[in-house]
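Trainee: For the sequence shown, the numbering used here assigns the number 914 to the initial residue and increments by one for each residue that follows.
Backbone N, C-alpha and C define an ideal beta-carbon position, used for all residues, glycine too.
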Amino acid sequence: MSNELPDWGLWTEEKLEALGSYLEQFTTASKSAKNKVYLDLFAGSAVNQARDDKSRTFDGSAVKALKTIPEFTHLRFFELKEKARSLRQELGEMFPNDDRFEVFEGDCNANIGTVLNDLKQLRLQTSPIFAFIDPRSLHFTWETLSTLADYKEPNNKGKLYKVELLILFADPDFQRLYGKDRQYPDHRASSVTATQAFGNEDWKVIAEARSRDDISVEESRYYLVELFRHQLENILKYKTTMALPFKSDAVTKKYTLVFATDHHAGKDIMKWVLGNAAEALFDDRINTQLQHEMNKRLSKGAPSLFDSPESIEDEDIRRWMSQFTVQTKRMKKDELIVSPAKMPDWFWEVKKRMDNRQDD
Ligand SMILES: C[S@@+](CC[C@H](N)C(=O)[O-])C[C@H]1O[C@@H](n2cnc3c(N)ncnc32)[C@H](O)[C@@H]1O
């Protein structure tokens, strides 16, 4: 097994926790189906390392999926060359004689079509299929999402449920592309990758509004996610989408997890799973923030959020802590977005103007 494990923050563990929890419900709900398919387009490593405690490791998404009970019958993992080889080796050691999975080397956007065609030979396009799309930045293309959305055929009851998608949408990376926020040094996303991820240039309407200071950074990220969901609902025709922002602390947003499904059960289960993730993330955030503030206030040893307030002797800190908890509890509201995506009127007006400009 490779010694160099990728290290991830608590929000990554919560994301994988949510994934594992959903996958179990997904295969349970599809128990009567003979075959169940899992696609992991950015599969990463078998095992990850916790950033706060290097001795703690946790399963990556591929291992989570392989361990899911009831089992997936077919699992397809995609990774870039070198990492794909280590992943294949690691999974081979962890799951010897398991012939349910294959690892594909190279760009998932280039390989997805061939892999889906191969699955067609096995007559799997009527089976329940779940795709996890978990890049570090804007590395998927809209064409890939569209290929997945169009792949399935009606089952023997005449019902057609599209491939379910769980997508890491790196909305903070857009911020680096426009206006005064351009000063961010890390240019992981480019205008080209942004357009590829959306399949069009409509994201520039939001970028322009941000550049003019008409909207705040937070609003621009919110609308980018709304636009992405809007396209999933209106172009790819998913009946339901939802979005959960993942933050590393009270304010810093890491990314948004976006889910798309056609199935009422998928909708209800993911609402429950992401609702739990929102709670867990919130507790992590409060605790991290609290530890941070406490460390600033106390010279040694910081009480945890889960210590009872009575056990903390300093009256000042007790008062501060209860205020802090009340304040942060307020942040929890409305984190999981489940209502249909809606773009504001100004978006459509500016988009019309920009489209006209292009036509001239
Ligand atoms: C955030 S990590 C994945 C983590 C993994 N899903 C997990 O939860 O354990 C993103 C991975 O995508 C891989 N990657 C980047 N671009 C890719 C592409 N075009 N096709 C396939 N894999 C890619 C990177 O090598 C990296 O390991």
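Quick check on the burial criterion: 16 or more other C-beta atoms within 10 angstroms. Buried or exposed for residue 1271?
Mentor: Classified as exposed, residue 1271 has fewer than 16 neighbouring CB atoms from the shown chains inside 10 Å of its CB.
Trainee: Is residue 1246 buried or exposed, if buried means 16 or more other CB atoms sit within 10 Å of its CB?
Mentor: Interpretation of residue 1246 is limited by its pLDDT of 44, a score under 50 that renders its predicted location unreliable; the figure taken from the coordinates is listed afterwards. With fewer than 16 Cβ atoms within 10 Å of its Cβ, residue 1246 is classed as exposed.
Trainee: Return helix, strand or coil for residue 1136, following the three-state DSSP convention.
Mentor: helix
Trainee: In this structure, how does DSSP classify residue 951 when only helix, strand and coil are distinguished?
Mentor: strand
Trainee: Within the chosen definition, does the segment 931-951 reach the segment 979-986 through at least 3 CB pairs nearer than 8 Å?
Mentor: yes
Trainee: Only counting the same chain, and skipping five residues up and downstream in sequence, which positions put a Cβ closer than 7 Å to that of residue 1093?
Mentor: With a pLDDT of 49 at residue 1093, under the threshold of 50, the modelled position of that residue is not reliable, and no figure is offered here.
Trainee: For residue 1019, does the count of other Cβ atoms within 10 angstroms reach 16, so buried, or fall short, so exposed?
Mentor: exposed
Trainee: May I ask you to check if the CB of residue 956 is nearer than 7 Å to at least one heavy atom of ligand 1?
Mentor: yes
Trainee: Looking only at DSSP bridge pairs, what is residue 972 linked to?
Mentor: By DSSP's assignment, residue 972 forms a beta bridge with 960.
Trainee: Can you tell me whether residue 1232 sits near ligand 1, meaning its C-beta is under 7 Å from at least one heavy atom of the ligand?
Mentor: no
Trainee: According to DSSP, simplified to helix, strand and coil, what is residue 1264?
Mentor: It is helical.
Trainee: Have a look at residue 973 and residue 925 and give me their C-alpha separation to the nearest angstrom.
Mentor: 10 Å
Trainee: Under 8 Å by Cβ, that's how I've got residue 978 and residue 1186 pegged, so tell me the actual separation to the nearest angstrom.
Mentor: The Cβ separation is near 15 Å, so there is no contact.
Trainee: Cβ of residue 1151 within 8 Å of Cβ of residue 1075?
Mentor: The beta carbons of residue 1151 and residue 1075 sit closer together than 8 Å.
Trainee: Tell me whether residue 1150 sits in a helix, a strand or coil according to DSSP, three-state version.
Mentor: coil
Trainee: Spatial neighbours of residue 1115 within its chain, please: CB distance less than 7 Å, with the 5 preceding and 5 following residues excluded, ordered by chain position.
Mentor: Excluding positions up to five away in sequence, the list reads 1140 and 1264.
Trainee: Rounded to whole angstroms, what is the Cα-Cα separation between residue 1036 and residue 1104?
Mentor: If you take the alpha carbons of residue 1036 and residue 1104, they lie about 38 Å apart.
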